[in-house]
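Report on one structure; see the data block that follows.
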Amino acid sequence: MYKNQLQELAQRSCFNLPSYTSLQEGPDHAPRFKAIVNFNGKIFKTPHYCSTLRQAEHSAAEVTLNSLTHRGPSHSLAAKILMKKPQEEEEDQISEGLKKIKGSNNRFFTVGLVAAWYSSNIGVLLLNKYLLNNYGLKYPIFLTMCHMTTCSLFSYVAIAWMKVVPLQTLRSRVQFFKISVLSLVFYVSVVFRSISLYYLPVSFNQAIGATTPFFTAVFAYLMTLKRETWLTYLTLVPVVTGVILASGGESSFHLFGFIICVAATAARALKSVLQGIYDFISICSISIALYVS
9 MYKNQLQELA
19 QRSCFNLPSY
29 TSLQEGPDHA
39 PRFKAIVNFN
49 GKIFKTPHYC
59 STLRQAEHSA
69 AEVTLNSLTH
79 RGPSHSLAAK
89 ILMKKPQEEE
99 EDQISEGLKK
109 IKGSNNRFFT
119 VGLVAAWYSS
129 NIGVLLLNKY
139 LLNNYGLKYP
149 IFLTMCHMTT
159 CSLFSYVAIA
169 WMKVVPLQTL
179 RSRVQFFKIS
189 VLSLVFYVSV
199 VFRSISLYYL
209 PVSFNQAIGA
219 TTPFFTAVFA
229 YLMTLKRETW
239 LTYLTLVPVV
249 TGVILASGGE
259 SSFHLFGFII
269 CVAATAARAL
279 KSVLQGIYDF
289 ISICSISIAL
299 YVS
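Every number in our numbering is 8 more than the matching position in the sequence shown, counting from 1.
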């Protein structure tokens with residue numbers, strides 16, 4: 009960058025182009041360089057040795073430009089080259105403002121996405137509980153079919169109609185096998201969660217579901233042997249402790265429903281871990297949701 013600026017300064021001033029010479033010291037496997045530049049008959053050099061010749065020449069050009077901004081006939085011209093124009097500064101300020109707005113919009117989008125996930129998750133549980141208790145739907149497999157169909161339909165709408173991502177196809181039997189495993193785990197999670205609603209209230213069911221990060225950490229360690237920080241594990245202690253205390257004080261506690269709900273939560277965590285360690289190459293999460301459903 010500095011070499012280009014110095015060359016531009018010489019061309020605008022109708023001077024000869026700057027010429028560089030170098031000094032080298034040290035062993036051949038670890039040489040160090042100093043550069044000397046001749047600019048319009050004046051000599052400037054780097055104040056210290058550099059690891060490469062290119063760095064040394066740029067350093068010498070920087071020293072030359074800094075010197076010319078404080079003295080000599082090229083002062084104003086060098087200053088123009090080194091300093092940004094007001095229009096460029098204004099454009100940079102506008103660009104920075106747009107970046108801040110974009111970052112703010114991203115934060116709002118993230119908050120909205122998290123809120124939508126929690127509201128939809130709780131809404132599905134409340135709807136399932138209402139259908140099971142008031143409409144005599146004795147077979148959770150039917151609710152699971154509705155869940156899978158809706159998930160598949162929304163994924164297809166996002167891909168085919170809203171064009172959020174392009175439609176991506178499975179390219180190998182290995183990918184088909186991985187998708188099949190994810191589908192089975194997802195199916196178990198949904199079915200078990202629906203069955204647990206027969207025996208547990210939605211609030212207690214949701215409290216058990218909050219232990220998903222605990223099972224995620226356990227499966228991640230068992231399957232990848234990757235440990236998280238101790239702080240991460242410590243943050244899981246209050247969640248698990250709260251569920252244990254809530255289980256003891258829950259008036260409508262049902263052992264079978266509790267076991268099924270814990271199994272559903274573990275299956276959900278296992279799906280997240282499997283999706284993280286499986287290499288799907290170019291298949292995005294929406295396409296995975298479409299195939300899994």
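Idealized CB from N, CA, C, for every residue including glycine.
Identify whether residue i lies in helix, strand or coil by the three-state DSSP scheme.
i: Asn-48; result: coil
i: Thr-219; result: coil
i: Arg-62; result: helix
i: Arg-276; result: helix
i: Ala-38; result: coil
i: Lys-11; result: helix
Identify which residue in the options has its Cα closest to the Cα of residue i.
i: Cys-269; options: Ile-167, Thr-177 and Val-198; result: Val-198
i: Leu-14; options: His-56, Leu-31, Ser-67 and Glu-33; result: Ser-67
i: Lys-42; options: Glu-65, Ile-285 and Val-245; result: Glu-65
i: Glu-70; options: Thr-60, Ile-44, Ser-59 and Gly-49; result: Ile-44
i: His-56; options: Leu-31, Thr-273 and Asn-12; result: Leu-31
i: Ile-294; options: Phe-47, Val-172 and Leu-244; result: Val-172
i: Ile-252; options: Thr-240, Leu-239 and Ile-267; result: Ile-267
i: Leu-239; options: Leu-205, Met-231 and Phe-222; result: Phe-222
i: Glu-33; options: Lys-11, Leu-61 and Asn-48; result: Leu-61
i: Tyr-299; options: Ser-191, Ala-215, Thr-237 and Thr-54; result: Ser-191
i: Asn-46; options: Val-182, Asp-36, Thr-72 and Gln-63; result: Thr-72
i: Ser-75; options: Ser-204, Lys-50, Pro-39 and Ala-225; result: Lys-50
i: Ser-188; options: Gln-176, Cys-292, Thr-54 and Lys-279; result: Lys-279
i: Phe-23; options: Asn-48, Asn-12, Thr-232 and Asp-36; result: Asn-48
i: Leu-230; options: Ile-130, Thr-157, Leu-282 and Arg-181; result: Leu-282
Measure the beta-carbon distance from residue i to residue j and round it to whole angstroms, keeping in mind my assumption that it falls under 8 Å.
i: Leu-134; j: Val-210; result: 6 Å
i: Phe-200; j: Ala-297; result: Contact doesn't hold; Cβ gap of about 19 Å is too wide.
i: Tyr-207; j: Phe-264; result: 6 Å
i: Glu-218; j: Val-247; result: The sequence shown places Ala at residue 218, rather than the Glu named in the question. Ala-218 to Val-247, Cβ: 6 Å. Contact.
i: Cys-159; j: Ser-301; result: 4 Å
Along the chain, where does the alpha helix (DSSP H) containing residue i start, and where does it finish?
i: Tyr-195; result: 181–204
i: Tyr-57; result: Unbroken run through Tyr-57: none, as it is neither H nor E.
i: Tyr-299; result: 293–300
Could you pull the start and end residues of the beta strand (DSSP E) that residue i belongs to?
i: Tyr-28; result: 27–33
Is residue i near the ligand COA, judged by its Cβ being under 7 Å from some heavy atom?
i: Ile-130; result: Among the ligands in the structure shown, none appear at all, so the ligand COA cannot be discussed.
Does any residue of chain D bring its CB to less than 8 Å from the CB of residue i?
i: Leu-233; result: Protein chain content of the structure displayed is limited to a single chain, and chain D is not contained in it.
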